[in-house]
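Worksheet for the structure shown next.
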Amino acid sequence: MPESFVTLKKTPRPTDDPPFTLKELKAAIPAHCFERSTFKSFTYVALDLSIAWLLFVCSGYFNHPYLPPGASYILWPLYWVCQGCVCTGIWVLAHECGHYSFSDSKTVCDYTGLALHTALLVPFHSWRISHAKHHRSTNDMDRDEVFVPNTKEEFSESSVTALSPAWNVLCLLKLSLFGWPAYLLFHITGRKYHTHTDHFNPHSPIFSDKDYRDVVISDIALVAWIGFLGYLTYVNSALWLLKVYIIPYLIVNFWLVFITDLQHSDAAVPHYRGQQWNWLKGALCTIDRDYGILNHVFHHIGDTHIAHHLFSHMPHYHAVEATMHLKKALGKFYYKDNTQIFKAMWLTGRYCRYVDNSGDILWFKHD
Numbered sequence: 001m002p003e004s005f006v007t008l009k010k011t012p013r014p015t016d017d018p019p020f021t022l023k024e025l026k027a028a029i030p031a032h033c034f035e036r037s038t039f040k041s042f043t044y045v046a047l048d049l050s051i052a053w054l055l056f057v058c059s060g061y062f063n064h065p066y067l068p069p070g071a072s073y074i075l076w077p078l079y080w081v082c083q084g085c086v087c088t089g090i091w092v093l094a095h096e097c098g099h100y101s102f103s104d105s106k107t108v109c110d111y112t113g114l115a116l117h118t119a120l121l122v123p124f125h126s127w128r129i130s131h132a133k134h135h136r137s138t139n140d141m142d143r144d145e146v147f148v149p150n151t152k153e154e155f156s157e158s159s160v161t162a163l164s165p166a167w168n169v170l171c172l173l174k175l176s177l178f179g180w181p182a183y184l185l186f187h188i189t190g191r192k193y194h195t196h197t198d199h200f201n202p203h204s205p206i207f208s209d210k211d212y213r214d215v216v217i218s219d220i221a222l223v224a225w226i227g228f229l230g231y232l233t234y235v236n237s238a239l240w241l242l243k244v245y246i247i248p249y250l251i252v253n254f255w256l257v258f259i260t261d262l263q264h265s266d267a268a269v270p271h272y273r274g275q276q277w278n279w280l281k282g283a284l285c286t287i288d289r290d291y292g293i294l295n296h297v298f299h300h301i302g303d304t305h306i307a308h309h310l311f312s313h314m315p316h317y318h319a320v321e322a323t324m325h326l327k328k329a330l331g332k333f334y335y336k337d338n339t340q341i342f343k344a345m346w347l348t349g350r351y352c353r354y355v356d357n358s359g360d361i362l363w364f365k366h367d
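Counting with UniProt numbering, you get residues 1 to 367 for the letters of the sequence shown.
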């Protein structure tokens, strides 16, 4: 038993085959939870976009002469945090489009997801394709596409430096702020391929020949959007763009990596190789966590993630109800970690360093 189980007082998740099937789990959930409403989905988009626009309009008054001196030093950071959180919610809605849980219409999902994700500098189709692979191979050491742990051999930092609190802070900041662009550009934390891998080259090993058109469409959309941002910079200023767009964008990146890391990394959750892995066991290696009021802002992507991995076509507005029923059906196979999220991130960075080089059931280790 890894030392971290004792240190963190965690019980390892069961590694035996579940005594239920996916069909039985679905039967435990009310049928209406699987119904998708295009109208209802767009109400969430409209609400989030309206809040984002209102925040943007308010930012134009932060230097108003009628405000108290120095007020902008408080208002701008408040804007960045609020706008970053709201735009993370928009990111999640685009993610729903990528799973086709936004609408019964594939066309509606594709165009809506492309628009929303492009506005957040995400290659919609390219990421949709790699993310689908992640869902098909969750916690498979050889085939998963994101947050694949380092093996002991790959863990290159010295034990003294790697275990120091300062190094942990540095790694967490680097991962949170730049991990998402690094994943898109270099497939950092993703599956190891024989050649350079990214989300922009249609010939990247992530993609097959049939994906070529979708990847190119995503690239063209991004180039057009970046051109528009360049125009806004020309009309206003680089400082203006930094304050109203780039810093909130970095906050989105922070939350995106923060949430997804905590959804899939925990000392009590195993990874598998070979015959030990199957789809259902992999899907159950996800973790629900409580983000407080941000559960609503983030459309419950963090506190209902097990339900999402089991039934990714289920819209987010039914996920809370579905999770209530799943808890009963899953029994000991349901896992929710109630550790405060920032503490959980710290502990994950501290104790989830690597897994063994060999073996079919692998647990995180840290020394």
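We put the beta carbon where it would ideally sit given N, CA and C, even for glycine.
Q: Indicate whether PHE254 and ILE341 have their beta-carbon atoms separated by less than 9 Å.
A: Counted from its first residue, the sequence shown places residue 254 at position 254. Counted from its first residue, the sequence shown places residue 341 at position 341. When the beta-carbon positions are compared, PHE254 and ILE341 stay at least 9 Å from each other.
Q: Would you kindly check if the distance between the Cβ of LEU326 and the Cβ of LEU25 is under 9 Å?
A: Reading the sequence shown from its first residue, position 25 is the one you call residue 25. Reading the sequence shown from its first residue, position 326 is the one you call residue 326. Going by C-beta atoms, LEU25 is nearer than 9 Å to LEU326.
Q: Specify the secondary structure class of LYS343 as computed by DSSP and reduced to three states.
A: Translated into positions along the sequence shown, residue 343 becomes position 343. Helix at LYS343.
Q | One or two residues paired with LEU355 in a DSSP bridge | A | Mapped onto the sequence shown, residue 355 falls at position 355. One point to set straight first is that residue 355 is Val, not Leu, in the sequence displayed. Answer by DSSP bridge pairing, in chain order: THR151.
Q. Run through DSSP, which three-state label would ARG289 get?
A. Taking the sequence shown and counting its residues from 1, one reaches residue 289 at position 289. In the three-state reduction of the DSSP assignment, ARG289 falls in the strand class, which pools E and B.
Q) Which term fits ASP209, buried or exposed, when burial requires 16 or more other beta carbons within 10 angstroms of its beta carbon? A) Against the sequence shown, residue 209 aligns to sequence position 209. When all chains shown are included, ASP209 counts as exposed.
**Q.** Cut-off 8 Å between Cβ atoms - residues of its own chain near ILE129, not counting five sequence neighbours on either side
**A.** Sequence index remark: in the sequence shown, residue 129 carries index 129 (1-based). Answer for ILE129: ILE206, PHE207, ASP211, ASP214 and VAL215, listed in chain order.
Q | Pairwise C-alpha distance: ILE301 and HIS309 | A | The sequence position of residue 309 within the sequence shown is 309, counting from 1. The sequence position of residue 301 within the sequence shown is 301, counting from 1. Between HIS309 and ILE301, the C-alpha separation is close to 10 Å.
Q. Just to confirm, are ARG289 and HIS264 a CB contact at a threshold of 9 Å?
A. In the sequence shown, the residue the question calls residue 289 occupies position 289. In the sequence shown, the residue the question calls residue 264 occupies position 264. No, they are not a contact pair.
Q.
Quick check on the burial criterion: 16 or more other C-beta atoms within 10 angstroms. Buried or exposed for HIS203?
A. Here residue 203 refers to the residue found at position 203 when the sequence shown is read from its first residue. HIS203 is exposed by the Cβ-count criterion.
Q) Nearest-angstrom Cα distance between HIS117 and HIS313? A) Here residue 117 is taken as the residue at index 117 of the sequence shown, counted from 1. Here residue 313 is taken as the residue at index 313 of the sequence shown, counted from 1. Distance between the alpha carbons of HIS117 and HIS313: 18 Å.
Q. Taking contact to mean at least 3 C-beta pairs separated by less than 8 Å, is the region 60 to 67 in contact with the region 96 to 116?
A. no
**Q.** Host alpha helix (DSSP H) of HIS316 (start-end)
**A.** Indexing the sequence shown from 1 puts residue 316 at position 316. Careful: HIS316 lies outside any alpha helix (DSSP H) and carries neither H nor E.
Q: Could you pull the start and end residues of the alpha helix (DSSP H) that LEU121 belongs to?
A: Position 121 of the sequence shown, counted from the first residue, corresponds to residue 121. DSSP places LEU121 in no alpha helix (DSSP H); its state is neither H nor E.
Q.
Bridge partners for LYS336 per DSSP, in chain order?
A. On the sequence shown, position 336 is the one that residue 336 refers to. Residue pairing for LYS336: DSSP places it in a beta bridge opposite ASP288.
Q | Residues near PHE62 by beta carbon distance below 8 Å, same chain, minus five either side | A | For the purposes of this step, residue 62 is identified with residue 62 of the sequence shown, where counting begins at 1. Excluding positions up to five away in sequence, the list reads ALA71, SER72, LEU75, TRP76 and TYR79.
Q.
At the 9 Å Cβ level, is ASP48 part of the contact set with chain D, yes or no?
A. The structure shown contains no chain D; it is built from a single protein chain.
**Q.** Simplified DSSP assignment, three categories, for HIS194
**A.** Here the question's residue 194 lines up with position 194 in the sequence shown. HIS194: coil per DSSP, three-state reduction.
Q. Any idea if ASN338 is buried or exposed, counting beta-carbon neighbours within 10 angstroms, 16 or more meaning buried?
A. Translated into positions along the sequence shown, residue 338 becomes position 338. Exposed, by the Cβ-count rule.
(Q) Rounded to the nearest angstrom, what separates ASP16 and LYS40 at their Cα positions? (A) Here residue 16 refers to the residue found at position 16 when the sequence shown is read from its first residue. Here residue 40 refers to the residue found at position 40 when the sequence shown is read from its first residue. Each residue's Cα considered, the two are about 39 Å apart.
Q) Short check: CB of PHE333 to CB of PRO30, under 9 Å? A) Taking the first residue of the sequence shown as 1, we reach residue 333 at position 333. Taking the first residue of the sequence shown as 1, we reach residue 30 at position 30. No.
Q) If you follow the alpha helix (DSSP H) that ILE246 is part of, which residue opens it and which one closes it? A) In the sequence shown, residue 246 corresponds to position 246, counting from 1. Per DSSP, ILE246 belongs to no alpha helix (DSSP H) and is neither H nor E.
Q) Which word fits ALA283, buried or exposed, when buried means at least 16 other C-beta atoms lie within 10 angstroms of its C-beta? A) The residue given as residue 283 occupies position 283 in the sequence shown. With 16 or more other Cβ atoms within 10 Å, it is buried.
Q: List the whole-angstrom C-beta distance separating VAL148 from GLY190, where the pair is believed to meet the contact cut-off of C-beta under 8 Å.
A: What you label residue 148 is simply residue 148 of the sequence shown in a count that begins at 1. What you label residue 190 is simply residue 190 of the sequence shown in a count that begins at 1. That pair is a contact at about 6 Å.
Q.
Beta-carbon within less than 6 Å of LYS133's beta-carbon, same chain only, minus the 5 sequence neighbours each way: which residues are those?
A. Position 133 of the sequence shown holds residue 133. Excluding positions up to five away in sequence, the list reads GLU145.
Q | For ILE301, the first and last residue of its enclosing alpha helix (DSSP H) | A | Position 301 of the sequence shown, counted from the start, is the residue given in the question as residue 301. From DSSP, ILE301 is part of no alpha helix (DSSP H); its letter is neither H nor E.
Q: Let me know if THR11 comes out buried or exposed under the rule of 16 or more other beta-carbons within 10 Å of its beta-carbon.
A: Taking the first residue of the sequence shown as 1, we reach residue 11 at position 11. Under the 10 Å beta carbon count, THR11 is surrounded by fewer than 16 other beta carbons and is classified as exposed.
Q. Since LEU185 sits in a beta bridge, which residues does DSSP pair it with?
A. Along the sequence shown, read from residue 1 onward, the residue named residue 185 stands at position 185. Residue pairing of LEU185 in beta bridges, as defined by DSSP: absent, with no partner found.
Q. So HIS299 and LEU47 are in contact, right, with Cβ under 8 Å, and what is the actual spacing, rounded?
A. Position 299 of the sequence shown holds residue 299. Position 47 of the sequence shown holds residue 47. That pair is no contact at about 11 Å.
Q: Report the residue from ASP104, THR88 and ASP303 whose alpha carbon sits nearest the alpha carbon of THR38.
A: Taking the first residue of the sequence shown as position 1, residue 38 is located at position 38. The candidate whose alpha carbon is nearest that of THR38 is ASP104.
Q. Is LEU229 near the ligand NAD, in the sense that its beta carbon is under 8 Å from a heavy atom of that ligand?
A. The ligand NAD is not among the ligands present in this structure, which contains no ligands whatsoever.
Q | C-alpha distance - TRP53 paired with GLU153, whole-angstrom precision | A | Stepping through the sequence shown from its first residue, residue 53 is reached at position 53. Stepping through the sequence shown from its first residue, residue 153 is reached at position 153. Going by the C-alpha atoms only, they are around 48 Å apart.
Q) Out of HIS271, LEU262, ALA115 and ASP140, which has the shortest C-alpha to C-alpha gap to TYR347? A) The count along the sequence shown starts at 1 and reaches residue 347 at position 347. Rather than Tyr, the amino acid found at residue 347 in this sequence is Leu. Ranking HIS271, LEU262, ALA115 and ASP140 by Cα distance to LEU347 puts LEU262 first.
Q: Determine the closest residue to LEU177 out of LEU256, LEU229, THR107 and ILE217, with distance taken between C-alpha atoms.
A: One-based indexing of the sequence shown puts residue 177 at position 177. The option with the nearest alpha carbon to LEU177 is LEU256.
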